[in-house]
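First up is the structure itself, then whatever we jot down about it.
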Amino acid sequence: MRIATWNVNSVNARLPTVLAWLEATQPDVCCFQEIKCLDEKFPREAIESLGYNIEVHGQKTYNGVALLSKYPVSDVRRGLPGTDTSGVEAEFEQARYIEAVIEAPRPVRVGGLYLPNGNPIDTAKFAYKLSWFDRLQAHARDLLALEEPFTLCGDYNVIPTPEDAKNPAAWVTDALFQPESRAAFRALKNLGLSEAGELGRQPPGTYTFWDYQAGAWQRDHGIRIDFHLLSPQAADRFIGIETHRDARDMDKPSDHVPVVLELED
DNA sequence: ATGCCTGCGGTTCGCAGA
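So the first sequence is residues 7 to 271, counted in our numbering.
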């Protein structure tokens, strides 16, 4: 089974690009982040016609996530459990998490997430990022207790190590590279999750994001911020991982590229 | 030091992204 994650940066602005990639790649499951639309504005028919069941957790203008599956799905969750403690969420619940069990012959639970960016770091946005991370960690603990195969995949908005950036010095004041952000990512992994890029021994320089600005793509000024974190039972079924770097060269590309995990059926 | 580029909403500019 192949499970993709892709921050599409507006599913409607990107629709021809998204359809072309889905048609060429045919993942069994695909998590989208930053769809930037309400549920009723999601291009449901075009994607259903490629053979996908669709679950959407949309939001106007910003954020929004969706989960596509060629298999039926069950136990769908929209949003993380728990309450934000930074004070931001109380005013405005942001659509950043969707989860479902993929009802394949050997089922897999898939959580698709869009972690808050958190910039600038001296504002409530950074506190919100760390608070969201806490809620994700709590949810991961609950899922691990089920002793099931799952992946928590998506745009983590964290540069975990200096090797995950072409130019780490350019990120030292950025929320993505703060010690607190990196520690939160490590703490999540250290619950007992396996990062698929490590299982697959992806080399340094396997970036997943290049800014639109300042010729970042042409200069390979990239960062690796999109990940699959696997439960032990999913890691047991790990076959491989592919980062679709070529997608950054498509017409009207997203600034992120898809990352495709393969598990034993 | 700042903006570079892109999308969105709603108007032609501000906000957000990373």
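Here a beta-carbon is modelled for each residue, glycine too, at the ideal position from N, C-alpha and C.
Close beta carbons around residue i, own chain, < 6 Å, minus the five adjacent residues each side
i, result
"M285", "Given a span of 7 to 271 for the chain in the structure shown, any question on residue 285 remains unanswerable."
"E268", "R8, I245, G246"
"P113", "V107"
"W223", "W216, R254"
"P168", "P174"
"D90", "S137"
Bridge partners - residue i, DSSP secondary structure assignment
i, result
"V79", "I108"
"Q224", "According to DSSP, Q224 bridges with nothing at all."
"F38", "W12, A72"
"E268", "R8, G246"
"V62", "A72"
"R84", "I104"
Supposed contact pair residue j and residue i - C-beta distance, whole angstroms, cut 8 Å
i, j, result
"D261", "D217", "6 Å"
"C37", "V71", "7 Å"
"A176", "L158", "Contact doesn't hold; Cβ gap of about 27 Å is too wide."
"N13", "K47", "That belief does not hold up - the Cβ atoms of N13 and K47 are roughly 18 Å apart, past 8 Å."
7 Å Cβ shell around residue i - same chain, five flanking residues per side excluded
i, result
"E97", "Here E97 scores only 48 on pLDDT, less than 50, and its place in the model is too uncertain to base an answer on."
"L150", "L197, G198, S237"
"G77", "The residue you asked about is not Gly; residue 77 is Tyr in the sequence shown. These residues qualify, in order along the chain: D34, I108, E109, A110."
"E186", "L136"
"E154", "R115, S237, Q239"
"A193", "Q143"
"Q184", "I127"
"G206", "G246, I247"
Residue i and residue j closer than 7 Å at C-beta
i, j, result
"L73", "A106", "yes"
"R230", "D170", "yes"
"S200", "A144", "no"
"Y213", "G228", "yes"
"E61", "V82", "yes"
"L86", "K66", "no"
"A26", "V266", "no"
"R84", "H63", "yes"
"P209", "F191", "no"
"K172", "D226", "yes"
"Q275", "N69", "Given that the chain is displayed from residue 7 to residue 271, the structure contains no residue 275 and the question cannot be resolved."
Neighbourhood of residue i by C-beta, 8 Å cutoff - its chain only, sequence neighbours within 5 removed
i, result
"L121", "R102, K135, W138, F139, L142, G160, D161, Y162, N163, V164"
"N15", "E40, K42, S260, D261, H262"
"F156", "V114, R115, V116, G117, L149, L236, S237, Q239, A240"
"A52", "L21, L25"
"N59", "L74, S75, K76, Y77, P78, V79"
"K195", "E201, L235"
"K258", "A19, R20, P22, T23"
"G221", "H227"
Any non-hydrogen atom of the ligand ADP within 6 Å of residue i CB
i, result
"Y218", "Although the ligand ADP was asked about, the structure shown includes no ligands whatsoever."
Exercise for review: Enumerate, from N- to C-terminal direction, the unbroken alpha helix (DSSP H) stretches of 4 or more residues contained entirely within the stretch 97 to 170.
Suggested key: 130 to 151
| Those runs of the beta strand (DSSP E) which lie wholly inside the stretch 192 to 260 and span at least 3 residues | 232 to 236, 244 to 249
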